[in-house]
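Down below is the structure, laid out as structure tokens.
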Amino acid sequence: MEIKYTTQGLLIYTAIGLYILAFLAACLRLKRTAHALFFTAFLASAAAFGYRWYSVKHLPLQNLFEVFLFTGLVVYPISLFSQKILKTADSALDMLIAVIVLFPAGFVFDALPRHLPPMLQSPLFCPHVITYMLAYIFMAKAAFQAALQIFSFKNRPQPDTDNAEHKTYLLICAGFPLLTLGLILGSIWGKYAWGNFWNFDPKEMWSLASWLAYVIYFHFRFMYGREKTKINSSIALAGFAVIVIGLLWVNLSKIFMGLHSYAF
12 MEIKYTTQGL LIYTAIGLYI LAFLAACLRL KRTAHALFFT AFLASAAAFG
62 YRWYSVKHLP LQNLFEVFLF TGLVVYPISL FSQKILKTAD SALDMLIAVI
112 VLFPAGFVFD ALPRHLPPML QSPLFCPHVI TYMLAYIFMA KAAFQAALQI
162 FSFKNRPQPD TDNAEHKTYL LICAGFPLLT LGLILGSIWG KYAWGNFWNF
212 DPKEMWSLAS WLAYVIYFHF RFMYGREKTK INSSIALAGF AVIVIGLLWV
262 NLSKIFMGLH SYAF
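Take any residue in the sequence shown, count from 1 to its spot, add 11: that is its number in my numbering.
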């Protein structure tokens with residue numbers, strides 16, 4: 012664990028603290044206070060991301076520190092989209108997700124600026140990463156709803172569990188096109204960076220595995236999901252587990268060394 016005694020660190024820790032306060036206020040049913048703190052935390056997170064951008068002189072998406080910093084920023088707008096468009100009122104969970112995704116930026120990965128390799132200077136790289144991170148937040152929200160549906164089945168009324176399952180479906184419907192676009196953009200970027208659309212790199216294969224997991228989710232839900240909602244939600248959780256493996260273990264483990272080792 013690494014404490015960052017810098018302006019960058021102060022901004023990150025301020026955002027984390029505000030997200031925690033927002034979550035506590037939401038748990039206490041102080042809706043206006045929770046939303047005000049949530050929005051203030053978003054502004055602090057935006058300041059942290061903007062400061063990083065100013066420091067490195069390019070859109071900061073090069074390494075896992077910057078990726079998690081960006082992901083902490085987009086939780087709030089995705090939460091608003093989910094509430095207004097998808098009608099999934101789960102802002103307390105969103106605040107918790109924001110704390111979780113900012114924690115690695117604040118305490119795990121170092122913030123040392125690094126030279127931007129030529130392959131990451133492609134105009135396709137940033138859209139590729141951004142679409143994936145947006146998709147991952149939607150899938151994280153879906154995973155939380157799936158967990159509520161599975162593990163609260165005996166203690167919650169049937170309409171509540173059905174609602175959680177429906178929220179899971181709506182969130183995955185929002186995230187899946189982004190997951191697909193990220194895969195396509197990554198393939199095109201790979202063609203310019205390494206000469207091939209597909210190199211059977213470990214990161215590429217795990218990205219494909221996460222995409223296929225949600226294809227299975229849609230197929231199973233269409234065929235049997237109405238009768239076997241717990242299994243359907245389990246598939247949603249498994250899909251997100253594959254995402255976590257691809258994002259963290261494959262990027263960091265020496266077992267999966269490949270073309271995407273820039274994540275170190």
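Here a beta-carbon is modelled for each residue, glycine too, at the ideal position from N, C-alpha and C. No experiment lies behind these values; they were computed from the predicted model shown.
- Helix, strand or coil: which one does DSSP assign to Asn262? helix
Considering Cα atoms alone, identify which of Trp200, Ser56 and Phe162 is closest to Pro241.
According to the sequence displayed, residue 241 carries Lys and not Pro. Out of Trp200, Ser56 and Phe162, Phe162 has the C-alpha closest to the C-alpha of Lys241.
Worksheet item: Which residue's Cα is closest to the Cα of Ile227: Asn207, Ile183 and Met216?
Response: Ile183
Notebook entry, point to check: Hey, Ala109 and Gly83 are a contact pair by Cβ (cut 8 angstroms); roughly how many whole angstroms apart?
Noted result: 6 angstroms
C-alpha gap between Leu135 and Leu196, whole angstroms | 7 angstroms
For Leu54 and Asp105, what's the separation of their Cα atoms in angstroms? 15 angstroms
### Endpoints, alpha helix (DSSP H) assigned at Val86
Leu75 to Phe92
#### Entry: Inter-residue Cα distance where the pair is Phe92 and Pro128
34 angstroms
Check: Going straight from the alpha carbon of Ala26 to that of Val67, what length do you get?
Finding: 20 angstroms
Beta-carbon proximity list for Trp64, same chain, < 8 angstroms, skipping 5 on both sides:
Leu70 and Pro71
Which same chain residues end up closer than 7 angstroms to Ala36 when comparing Cβ atoms and leaving out the 5 residues on each side of it in sequence?
Thr44, Ala45 and Leu48
Can you grab the Cα-Cα spacing for the pair Gly250 / Gly28, in whole Å?
30 angstroms
Helix, strand or coil for Trp200 per DSSP?
helix
### Rounded straight-line distance, which links the Cα of Phe229 to that of Phe149
15 angstroms
Who are the Cβ neighbours of Leu202 in its own chain at under 8 angstroms, not counting the five residues just before and after it? The identity of residue 202 in the sequence shown is Lys, whereas the question assumes Leu. So the qualifying residues of the chain are Phe208.
So, for Arg232: in the same chain, excluding its five sequence neighbours on each side, which residues have a beta-carbon less than 6 angstroms away from its beta-carbon?
Asn243
Return yes when the Cβ of Leu97 is within less than 9 angstroms of the Cβ of Lys178, no when it is not. yes
Reference Gln73, options Tyr30, Ala52 and Phe120, closest by Cα
Phe120
In or out: Lys152 buried (at least 16 other Cβ within 10 Å) or exposed?
buried
Hey, Gln156 and Ala175 are a contact pair by Cβ (cut 8 angstroms); roughly how many whole angstroms apart?
-> 5 angstroms
(message) Less than 9 angstroms between the beta carbons of Gly257 and Ser198, yes or no?
(response) no
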